[in-house]
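Student: Numbering (the working numbering), first residue to last: 2 to 426.
Cβ coordinates follow ideal geometry from the N, Cα and C atoms, glycine included.
Predicted model, so just to flag it, every value in this text is computed and none were measured.
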Amino acid sequence: MINPRTKLNVFRVLLVTDQCISPGGITRYTRLLFKESSKKGYDVHMICYYDNAYISRYRVATKSIRTLASFFGRKLPPPFPDPVFLAYILRIVMKHRPDIIHAHGLSAITVLPVASILRIPLIVHLHDYGFICLKRDMFDLSKLMVCKKPTIRRCLRCGIAVYGFKAAILYILLKLFAQLLTRAASIFISPSEYVKNVHVRYLNKLERKIIIIPNCVSLIESKTQSTTNELLKRYGLENSEYLLYVGKISLHKGVHDLIKAFIIFKYNHLINHSTNIKLVMAGTIDKQFKPLIEKVTNVKDILILTEVTDGELNELYSNAKGIILAPRWPEVFGLTAFEAMLYKKPIIITNVGGLIEYAKLYPFLYICAPGDHTCLIKAMKEIVNSKVQNGNYQEKTVKMLNKLSSFFSCQNILDKIMKLYEALK
């Protein structure tokens, strides 16, 4: 179709996402999708709810969008069409006439009226459990474990803990619009079999519309040795080995289990013979988790980094002794683990969610049950005392790592999405 601005016959895509600028897995993924779509010659525009931003192929800049985010106390789309955000999307759609709308996360509900009325194919990308769970994480706050059955009673109990008594209204709206979305959307993309099965179980008539395309992982080349040394010196890590955690510092991510296991490991000399080992945690701190973190900051061997650039994060990956993920919620994909694979680092994970599906193929993997401190401590000991260094692997292992890297490469994954665009055109 002819682009109204350039007068050229190009394929037009509108990406709508919860967030696209602030650091995190979904943000890095949507930025990659935006970049690769533009490289392919598509006319791409991206609107972000969380970051209040509008990004176009021609003008990479931000533009303020006033939304209802502050009403909920969280910068996330509501479980119903946000009228202000909807009006902005409509203006962009009428101006650029996209052939496809690709919505990520709960922002798809706000896009729904525009896509339905104008009959534009809508792709919904699942990055969490926002169409089933008010908190989006399928994490039972009363048991601190994965929610096995999201009944009305359980959902309201958890929802009230986060949103207050307006949770009852939000729950009804979520159920209504989630079902409308399953009927109107052209296709749903799930990053794993686990996430697909959960959504098929609780959303009617979704099985024929949902396909599995894993998220892609991109390896950024390390900087010069001098730059790396400067980074490590800045954080006091130049003479220390460290274990690395990357992600939101919150209860459902199992960070409390990680901290407890590390403190036992670090200060029990019967277990640990390394005095230089530290724990580095990079990510934003959940508001409800701040009291615990304030206590942890007094522990000199635990370093918390709340503002880390993509470049710095890759340097931290490159120099880490091992990577730890100990989630209690069912991880949708677990981008951190796959980034660690590209750096050939030992990884500790828990056996819940979509993460285990792909990670189990990795040769340097330690798997624990959620909340199993004994297992976490044992895995830490093996990683710290391991004499295997980067690159010192058998040929069979190298082939397996190359195969994993190829499978999750952005070129491979994004090609599948581009083909999906063309098929729905």
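1) Determine the contact status of Gly131 and Ile27, defining contact as a CB-CB distance below 8 Å.
2) Between Asp287 and the rest of its own chain, which residues show a CB-CB distance below 8 Å, the 5 nearest in sequence each way excluded?
3) Would you call the CB atoms of Leu87 and Met47 closer than 8 Å?
4) When the Cα atoms are used, what is the spatial distance from Met342 to Ile348?
5) According to DSSP, which residues form a beta bridge with Phe189?
6) Using only the alpha-carbon positions, how far apart do Pro79 and Lys400 sit?
7) Comparing alpha-carbon positions, which option in Phe12, Glu242, Gly165 and Arg137 lies nearest Ile102?
8) Can you tell me where the beta strand (DSSP E) holding Ile278 begins and where it ends?
9) CA-CA distance, Pro122 and Lys41?
10) On the three-state DSSP scale, how would you describe Gln390?
11) Could you say which of Val300, Ala283 and Glu316 lies nearest to Leu326 if we only look at CA atoms?
12) Three or more beta-carbon pairs under 8 Å between the region 227 to 241 and the region 346 to 360, yes or no?
13) Looking at the strands, I want to know which residues DSSP matches up with Tyr367.
14) Quick one: is Tyr268 buried, meaning 16 or more other Cβ sit within 10 Å of its Cβ, or exposed?
15) Nearest-angstrom Cα distance between Leu402 and Gly312?
16) Kindly provide the ranges of any alpha helix (DSSP H) runs that are 4 or more residues long and lie completely inside the region 222 to 261, ordered along the chain.
17) Is it true that the CB of Asp141 sits closer than 8 Å to the CB of Cys156?
18) Going straight from the alpha carbon of Ala179 to that of Met139, what length do you get?
19) Quick one: residues in its chain with C-beta nearer than 7 Å to the C-beta of Asp258, no 5 flanking neighbours on either side, listed in chain order?
20) Tell me where the alpha helix (DSSP H) around Met95 begins and ends.
21) DSSP on Gly106, reduced to helix/strand/coil?
Tutor: In brief:
1) No, Cβ-Cβ distance for Gly131 and Ile27 is not below 8 Å.
2) For Asp287, where only same-chain residues beyond five positions count, the Cβ hits under 8 Å are Lys249, Ile250, Ser251 and Leu252.
3) Not closer than 8 Å, so no.
4) Each residue's Cα considered, the two are about 8 Å apart.
5) Paired residues: Val125 and Ile211.
6) C-alpha of Pro79 to C-alpha of Lys400: approximately 45 Å in a straight line.
7) Selected option, being the one with the closest Cα: Phe12.
8) Premise fails: Ile278 is in no beta strand (DSSP E) and is neither H nor E.
9) A direct Cα-to-Cα measurement between Pro122 and Lys41 gives close to 20 Å.
10) Because Gln390 carries a pLDDT of 49, less than 50, the predicted location of this residue cannot be relied on, and the following value inherits that uncertainty. DSSP places Gln390 in coil when its eight states are reduced to three.
11) It is Ala283 whose Cα lies nearest to the Cα of Leu326.
12) Short answer: they don't touch.
13) Its beta-bridge partners are Ile349.
14) Counting Cβ neighbours within 10 Å, Tyr268 comes out exposed, since fewer than 16 surround it.
15) Rounded to whole angstroms, Leu402 to Gly312 spans 23 Å at the Cα level.
16) Positions of the alpha helix (DSSP H) runs, each at least 4 residues long and wholly inside the region 222 to 261, are given as 226 to 235 in order along the chain.
17) Asp141 is positioned such that its CB atom lies no closer than 8 Å to that of Cys156.
18) When rounded, the distance between both Cα atoms is 16 Å.
19) Correct list, in chain order: Ala327, Gly372, His374 and Leu377.
20) Met95 -> alpha helix (DSSP H) spans Pro84 to His97.
21) Reduced to three states, the DSSP call for Gly106 is coil.
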